[in-house]
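Enquirer: Provided herewith is a single structure, encoded as structure tokens, for subsequent inquiry.
2 protein chains.
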Amino acid sequence: MEIENKLCSKVEECYHILGKKWVGLVIHTLMEEPKRFSEIHAFIPNLSKRVLNERMKELEENGIVLRNVIADRPVRTEYSLTKKGTELGRSLKALENWADKWL
Amino acid sequence: MEIENKLCSKVEECYHILGKKWVGLVIHTLMEEPKRFSEIHAFIPNLSKRVLNERMKELEENGIVLRNVIADRPVRTEYSLTKKGTELGRSLKALENWADKWL
DNA sequence: ATAACTAGGTAACTTTATGTAACCATAATA
DNA sequence: TATTATGGTTACATAAAGTTACCTAGTTAT
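Listed in order, the protein sequences are those of chains A and G. With the numbering used here applied, the first sequence has no gaps in its numbers, which climb one by one up to 103 at the end. With the numbering used here applied, the second sequence has no gaps in its numbers, which climb one by one up to 1103 at the end.
Following this line, the structure appears as structure tokens:
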């Protein structure tokens, strides 16, 4: 029975995504329903607008989140999870169950 | 049907733990079997000794990891997952399955 | 008309976190 | 005697995150 002696790159990549500050909470927050920039910010008040904006761009690039600019006045932006993002959120439920039991 | 308007502190806390760099990979690495300091370092070469040591102290304080100093010469230190840590590792499997499918 | 407010940012600057390189003590080995 | 291994620590450099002020365009209050 061999012991693996190097990490799978997919495993490394997923922890690289989740290892950035606030990412987990943002995805958790979007699992309920799509939300606007200021709504996410209201749910996670300690997350600054600067970093929130940065995280949303990264999550969009990763195909986890979809940005929908609504040409209303004032302009609104709605963020929603893609299929990929929704499945990520579902897999994070296991982690949250662990938290509920152990923290 | 109410929409939750604030985050559960347990949820916040678990993402606070997992949101620190390298934590996920360290737990993943220890799921196989207990490992010494230098073995973890060999599995995750980009993780510096300074930060590895810091992370292990934090994980020990969180009750996720157990540090066992072996009074051999030279002194060795073996890190293993507690029950709490093992269950965390199991819950992270869902995330890794997501990674395998989507990344 | 003018001041203040909203939404979703951006810019400049400060503070933390992380990365890097050198060093330590002990004992074993060459 | 010099070198290696282990599990760190220290001092310093860079990257990431936090803070405050500002922006544009339209809206509401005075």
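Ideal placement from N, C-alpha and C gives every residue a C-beta, glycine not left out. A quick note: this is a predicted structure, and the numbers were derived from the prediction, not measured.
Taking Leu-1007(G) as the reference, which of Gly-24(A), Tyr-15(A), Ser-48(A) has the closest Cα?
Expert: Taking the first residue of the second sequence as 1, we reach residue 1007(G) at position 7. Considering only alpha carbons, the answer is Gly-24(A).
Enquirer: Does any C-beta atom of chain A lie closer than 8 Å to the C-beta of Val-1023(G)?
Expert: By 1-based counting over the second sequence, the position of residue 1023(G) is 23. So yes, Val-1023(G) belongs to the interface.
Enquirer: Determine whether the Cβ of Leu-1018(G) lies closer than 8 Å to any Cβ atom of chain A.
Expert: Start at 1 with the first residue of the second sequence, and residue 1018(G) comes out as number 18. Answer yes: the Cβ-Cβ gap between Leu-1018(G) and chain A drops below 8 Å somewhere.
Enquirer: Cα-Cα, which of Arg-1067(G), Leu-1103(G), Leu-1018(G) is closest to Ile-64(A)?
Expert: As a working note, residue 64(A) is residue 64 in the first sequence. Taking only the C-alpha atoms, the option nearest Ile-64(A) is Leu-1103(G).
Enquirer: Beta carbon of Ala-1099(G), beta carbon of Lys-10(A): below 8 Å?
Expert: By one-based count along the second sequence, residue 1099(G) stands at place 99. By one-based count along the first sequence, residue 10(A) stands at place 10. In contact: Ala-1099(G) and Lys-10(A) (Cβ atoms closer than 8 Å).
Enquirer: How about Arg-1090(G) and Thr-1077(G): do their beta carbons lie closer than 8 Å?
Expert: In the second sequence, the residue the question calls residue 1090(G) occupies position 90. In the second sequence, the residue the question calls residue 1077(G) occupies position 77. No, Cβ-Cβ distance for Arg-1090(G) and Thr-1077(G) is not below 8 Å.
Enquirer: Just checking: is the beta-carbon of Ile-3(A) within a distance shorter than 8 Å of some beta-carbon in chain G?
Expert: For this step, residue 3(A) is matched to residue 3 along the first sequence. A caution first: Ile-3(A) carries a pLDDT of 47, below 50, which makes its placement in the model too unreliable to give a value.
Enquirer: Please check if any C-beta of chain G sits within less than 8 Å of the C-beta of Leu-81(A).
Expert: For the purposes of this step, residue 81(A) is taken as the residue at position 81 of the first sequence. It does not: the Cβ of Leu-81(A) has no partner Cβ on chain G nearer than 8 Å.
Enquirer: At least one CB of chain G closer than 8 Å to the CB of Ser-91(A): is that the case?
Expert: One-based indexing of the first sequence puts residue 91(A) at position 91. For Ser-91(A), the answer is yes, since a Cβ of chain G falls inside 8 Å of its Cβ.
Enquirer: Straight-line CA distance for Lys-1150(G) to Lys-101(A)?
Expert: Only positions 1001 to 1103 of chain G appear in this structure, which leaves residue 1150(G) out of reach.
Enquirer: Could you tell me the alpha carbon to alpha carbon distance between Ile-1003(G) and Glu-13(A), rounded to whole angstroms?
Expert: Start at 1 with the first residue of the second sequence, and residue 1003(G) comes out as number 3. Start at 1 with the first residue of the first sequence, and residue 13(A) comes out as number 13. Any reading at Ile-1003(G) needs caution, since the residue's pLDDT is 48, under 50, leaving its predicted position unreliable; the model's value is listed next. Answer to the nearest angstrom: the Cα atoms are 32 Å apart.
Enquirer: In terms of alpha-carbon separation, which member of Val-75(A), Tyr-15(A), Val-26(A), Val-69(A) lies closest to His-115(A)?
Expert: Because chain A in this structure spans residues 1 to 103, residue 115(A) falls outside the shown range and cannot be described.
Enquirer: Among Tyr-15(A), Met-56(A), Lys-20(A), which residue has its Cα nearest to the Cα of Pro-34(A)?
Expert: Walking along the first sequence from the start, residue 34(A) turns up at place 34. It is Met-56(A).
Enquirer: As a quick exercise: from Leu-1059(G), Lys-1049(G), Asn-1053(G), pick the residue whose alpha carbon is nearest that of Gly-1085(G).
Expert: For the purposes of this step, residue 1085(G) is taken as the residue at position 85 of the second sequence. Per the Cα distances, Leu-1059(G).
Enquirer: If we cut at 8 Å on Cβ distances, does Glu-96(A) have a partner in chain G?
Expert: Translated into positions along the first sequence, residue 96(A) becomes position 96. With 8 Å as the cut-off, Glu-96(A) counts as an interface residue toward chain G.
Enquirer: From which residue to which residue does the beta strand (DSSP E) around Glu-78(A) run?
Expert: As a working note, residue 78(A) is residue 78 in the first sequence. Segment 76-81, the beta strand (DSSP E) holding Glu-78(A).
Enquirer: By DSSP, does Ile-1044(G) sit in helix, in strand, or in coil?
Expert: Position 44 of the second sequence, counted from the first residue, corresponds to residue 1044(G). Per DSSP, reduced to three states, the secondary structure at Ile-1044(G) is coil, with no helix or strand assignment.
Enquirer: Can you look up Asn-1053(G) in the DSSP assignment and give me helix, strand or coil?
Expert: By 1-based counting over the second sequence, the position of residue 1053(G) is 53. In the structure shown, Asn-1053(G) sits in a helix (DSSP, three-state: H, G or I).
Enquirer: Rounding to the nearest angstrom, what Cα-Cα distance links Ser-1048(G) and Asp-72(A) in this structure?
Expert: Counting from 1 along the second sequence, the entry for residue 1048(G) is found at position 48. Counting from 1 along the first sequence, the entry for residue 72(A) is found at position 72. When rounded, the distance between both Cα atoms is 49 Å.
Enquirer: Residues in the same chain with beta-carbon distance under 8 Å from Ile-1044(G), minus the five sequence neighbours each way, listed in chain order, please.
Expert: Position 44 of the second sequence holds residue 1044(G). For Ile-1044(G), where only same-chain residues beyond five positions count, the Cβ hits under 8 Å are Trp-1022, Leu-1025, Val-1026, Thr-1029, Leu-1052.
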